[in-house]
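With UniProt numbering, letter number 13 in the sequence shown gets 13, and the count goes up by one each step, no holes. Note that the Cβ used here is the ideal one computed from N, Cα and C, for glycine as well. The structure presented is a predicted model; accordingly, all values stated were derived computationally and were not measured. These notes concern the structure reproduced below.
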Amino acid sequence: MFFLFGFNKKPKGKEQRKIVKNGVEVNAIITVYKRYFELFFIPIIPLGKSYSIYIPHFDEYYEQGFFGKIPAEYLEICEQVGRLY
């Protein structure tokens, strides 16, 4: 089946930041995505930004989206990184 339209997200930037988790300062990898509405695989309408954060020390991954939710303290850090992209 061939789809003419859909939603897609493309990575716009990746940054490493130090965060405090359980009283320990660890590195976190934050990725900023740009969401688009596509027509024939051409991005037409930008729909905003979404974020993902990975904490390798604790092996935790959070993603903002339809089913994922980022905790509030990490969402603030992600939004600060998102202002750069």
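Bounding residues of the alpha helix (DSSP H) (the contiguous stretch that carries residue i)
{"i": "Ile77", "result": "72-82"}
Boundaries (first-last residue) of the beta strand (DSSP E) holding residue i
{"i": "Phe58", "result": "Counting along the chain, Phe58 falls outside any beta strand (DSSP E), and DSSP gives it neither H nor E."}
{"i": "Asn8", "result": "5-21"}
{"i": "Lys34", "result": "24-39"}
Pair within 8 Å by beta-carbon distance, residue i and residue j
{"i": "Tyr36", "j": "Lys14", "result": "no"}
{"i": "Ala28", "j": "Ile42", "result": "no"}
{"i": "Leu47", "j": "Phe5", "result": "no"}
Sequence-distant residues of the same chain with beta carbon closer than 7 Å to residue i, five excluded per side
{"i": "Gly82", "result": "Val32, Lys49, Tyr51"}
Sequence-distant residues of its chain with Cβ nearer than 6 Å to residue i (five each side left out)
{"i": "Tyr62", "result": "Ile53, Ile70"}
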